[in-house]
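> Here the protein sequences line up with chains A and B, keeping their order. Residue numbers in the first sequence follow the numbering used here, run continuously in steps of one, and reach 146 at the last position. Residue numbers in the second sequence follow the numbering used here, run continuously in steps of one, and reach 292 at the last position. C-beta: ideal position from N, C-alpha, C; glycine also. Note that this is a predicted model, so its numbers are computed, not measured.
There are 2 protein chains.
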Amino acid sequence: MSTAELKEAREIFIECLKSRGLRYTTQREAILETFLSSVKHLTVEDLYNIVRQRHVDIGYATVHRNMKFLVECSIADEIKIGNDKARFEKHFGQDHHDHLICLKCGVFIEVHDSTIEMLQNKLAADNEFIPQRHKLEIYGICRQCR
Amino acid sequence: MSTAELKEAREIFIECLKSRGLRYTTQREAILETFLSSVKHLTVEDLYNIVRQRHVDIGYATVHRNMKFLVECSIADEIKIGNDKARFEKHFGQDHHDHLICLKCGVFIEVHDSTIEMLQNKLAADNEFIPQRHKLEIYGICRQCR
DNA sequence: ATAATAATGATAAGCATTATCATAACTTTA
DNA sequence: TAAAGTTATGATAATGCTTATCATTATTAT
Ligand SMILES: [Mn+2]
Ligand SMILES: [Mn+2]
Ligand SMILES: [Zn+2]
Ligand SMILES: [Zn+2]
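Here it is, written out as structure tokens:
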């Protein structure tokens, strides 16, 4: 994530907070920056451990709470697979994509197919259903784990 | 579900049990028949409450355990949405389908598009990924809840 | 400075799922 | 059939993730 992107995300975050009468704290800044500068698809626990390197006394609940809040602000997306811990990835500034998920190593491969997206909308329309979001996950074995 | 289908499912179940040295008990029969004759997408708790009408002393753990086992025997499929309770539907004798899920009333609308399925396989192939199963869920508002 | 408001961090609660285990039921062996 | 061996059941405990609670701290408004 570039400095400019980080700056823009921070502005969105601050704006989202302000609109609800909430404050931009040092914890929130640390969580936002950690999230934006880390690899994708991390859990709250992963992020908590990274944030603590810089912000020793931060609480797990604070990280959890604010990751949920980043989702509300459309800065993060939450990914939930079965009963596993939720994982997070950037939403803001990133194109929509789906995931190929390796059953052996757990890697997430990001993919996109606009024809699939279009056909999904058609399925919804055929059923007089108003789609808001969707989830497409393909589980299998990745190249490395073959 | 027709009588013939029920009979066939029972045979598959018994065969699956036998191959593992397990027994076809009255509880297992009650759970299988309840599952096959009920509407789709019920939770273990739902099924537990229905089975109890006929089999008063059955335990929740037994229903849970055996629904998992029906999945192993490819008689049932488990559907897991977010942190909700798992739901089950028939696998045996039913074509693969995806779901439109209403965010208001929770209804599951079953849909299928073979072009989407084909394009999913292409996505996997392009990434040298061997697909085993997938999950496509479209969340939105159904006709009734409009 | 004082009062009001929100955030934090520790911890408890909630909830679905799964494990444990004593007892019961069933099957095999003698 | 009786005894021994095996599996299933049902009650309940344990687990794991998520979320709620609340006393304390920090920030903002008056
Ligand atoms: Mn992703
Ligand atoms: Mn279905
Ligand atoms: Zn892999
Ligand atoms: Zn609806």
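Quick one: what's residue 148 of chain A bridged to in DSSP?
With chain A covering 1 to 146 only, the question about residue 148 of chain A has no answer from this structure.
> Give the range of the alpha helix (DSSP H) segment to which residue 136 of chain A is assigned.
On the first sequence, position 136 is the one that residue 136 of chain A refers to. Not the alpha helix (DSSP H): residue 136 of chain A falls in the beta strand (DSSP E), residues 130 to 141.
> Which residue marks the beginning of the alpha helix (DSSP H) containing residue 50 of chain A, and which one marks its end?
Counting from 1 along the first sequence, the entry for residue 50 of chain A is found at position 50. Taken as a continuous stretch (DSSP letters only), the alpha helix (DSSP H) holding residue 50 of chain A covers 44 to 54.
> Using the beta-carbon count (16 or more within 10 Å), is residue 105 of chain A buried or exposed?
What you label residue 105 of chain A is simply residue 105 of the first sequence in a count that begins at 1. Label assigned to residue 105 of chain A: exposed.
> Using DSSP's beta-bridge definition, name the partner residues of residue 161 of chain A.
Residue 161 of chain A lies beyond the residue range present for chain A, which begins at 1 and ends at 146; the question has no answer from this structure.
> If you reduce the DSSP assignment to three classes, tell me which class residue 144 of chain A lands in.
What you label residue 144 of chain A is simply residue 144 of the first sequence in a count that begins at 1. Reduced to three states, the DSSP call for residue 144 of chain A is coil.
> Count the other CB atoms, across all protein chains shown, that sit within 10 Å of the CB of residue 174 of chain B; report buried if there are 16 or more and exposed otherwise.
Translated into positions along the second sequence, residue 174 of chain B becomes position 28. Buried: at least 16 other Cβ atoms inside 10 Å.
> Evaluate contact between the region 85 to 102 of chain A and the region 250 to 265 of chain B, counting only Cβ atoms and requiring at least three cross-stretch pairs below 8 Å.
No: fewer than three Cβ pairs fall under 8 Å.
> On a Cα-Cα basis, can you pick out the residue from B:154, B:150, B:243, B:207 that is closest to residue 223 of chain B?
Position 77 of the second sequence, counted from the first residue, corresponds to residue 223 of chain B. When only C-alpha atoms are compared, the closest one is B:243.
> By the 7 Å beta-carbon criterion, what residues does the region 111 to 138 of chain A contribute toward chain B?
Residues 111, 113, 115, 116, 119, 120, 123, 124, 127, 128, 129, 130, 131, 132, 133, 134, 135, 136, 137, 138.
> Who are the Cβ neighbours of residue 220 of chain B in its own chain at under 7 Å, not counting the five residues just before and after it?
Along the second sequence, one-based indexing puts residue 220 of chain B at 74. Within the same chain, residue 220 of chain B has close Cβ partners 237, 238.
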